[in-house]
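The block underneath contains the structure these notes are about, expressed in structure tokens.
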């Protein structure tokens with residue numbers, strides 16, 4: 050028994066998210082807004098690997114890479130892993146701050162090379178007190194301090210282009226809306 054023809058990479062470039070074809074989902078937003086929680090829930094719903102950038106960046110620091118190098122190197126490493134998974138025909142969920150256009154451009158490039166749609170989800174927490182509470186409740190050595198988050202916010206380049214914007218301070222359960230966007 051044979052099915053429809055699929056290109057050598059195992060990916061049908063005409064497939065739409067939710068129709069059985071793989072999709073690259075890239076989360077973006079400041080630390081503490083709820084990206085990681087949502088990325089994990091989306092990954093579970095899609096049965097897709099979730100690739101977080103933060104632990105890769107921390108590992109690069111442990112091995113002596115410091116300054117600005119670990120940031121883009123971590124994004125590059127995760128982009129390489131995403132491309133492998135997409136090539137296997139799997140959807141991929143990327144969990145990253147994605148603060149600048151150069152980082153976000155990686156996901157466009159990976160999706161294009163893999164022949165899959167890219168869906169960007171920008172996450173905010175519109176209640177600043179709640180956002181601060183979330184950041185301060187997390188281990189600062191892993192996620193940074195509130196002051197570091199404010200610096201990152203000042204450096205965060207506006208995200209331009211198609212995307213779903215989710216405010217975790219407003220929407221109690223954004224998962225159904227996210228999954229509808231991915232279809």
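Residue numbers (the working numbering): 50 to 232.
Glycine residues also receive a C-beta, built at the ideal position from the N, C-alpha and C atoms.
For residue i, the first and last residue of its enclosing alpha helix (DSSP H)
i, result
"residue 227", "224 to 231"
"residue 203", "195 to 204"
"residue 155", "150 to 163"
"residue 184", "177 to 185"
"residue 6", "The requested residue 6 does not occur in the structure, where the chain is confined to residues 50 to 232."
For residue i, the first and last residue of its enclosing beta strand (DSSP E)
i, result
"residue 144", "141 to 144"
"residue 74", "73 to 77"
"residue 167", "167 to 173"
"residue 114", "Taken as a continuous stretch (DSSP letters only), residue 114 belongs to no beta strand (DSSP E), as it is neither H nor E."
"residue 214", "213 to 216"
Residue from the options whose Cα sits closest to the Cα of residue i
i, options, result
"residue 144", "181, 99 and 105", "99"
"residue 244", "81, 96 and 82", "Absent from the structure is residue 244, since the part of the chain shown begins at 50 and ends at 232."
"residue 168", "83, 85 and 91", "91"
"residue 231", "193, 156, 142 and 190", "142"
"residue 120", "195, 83, 93 and 152", "152"
"residue 162", "136, 219 and 150", "136"
"residue 160", "89, 177, 122 and 140", "140"
"residue 193", "104, 93, 88 and 209", "104"
"residue 111", "190, 82 and 84", "190"
"residue 124", "156, 195, 138 and 229", "156"
"residue 206", "82, 129 and 150", "150"
"residue 77", "225, 209 and 122", "209"
"residue 138", "164, 126, 122 and 109", "164"
"residue 177", "107, 188 and 202", "202"
"residue 83", "226, 158, 75 and 183", "183"
"residue 75", "211, 219 and 220", "211"
Beta-carbon proximity of residue i to residue j, cut-off 8 Å
i, j, result
"residue 131", "residue 73", "yes"
"residue 146", "residue 101", "no"
"residue 185", "residue 148", "no"
"residue 128", "residue 228", "no"
"residue 223", "residue 109", "no"
"residue 114", "residue 122", "yes"
CB contact check: residue i to chain D, cutoff 8 Å
i, result
"residue 139", "No chain D is part of this structure, which consists of one protein chain only."
Say whether the region 160 to 177 touches the region 206 to 224, bearing in mind that this needs 3 or more beta-carbon pairs closer than 8 Å, one atom from each stretch.
In short, these stretches touch, since the Cβ pair count reaches three.
Going along the chain, which unbroken runs of the alpha helix (DSSP H) with 4 or more residues stay wholly within the region 83 to 112?
List check, alpha helix (DSSP H) in window: 84 to 95 and 103 to 111.
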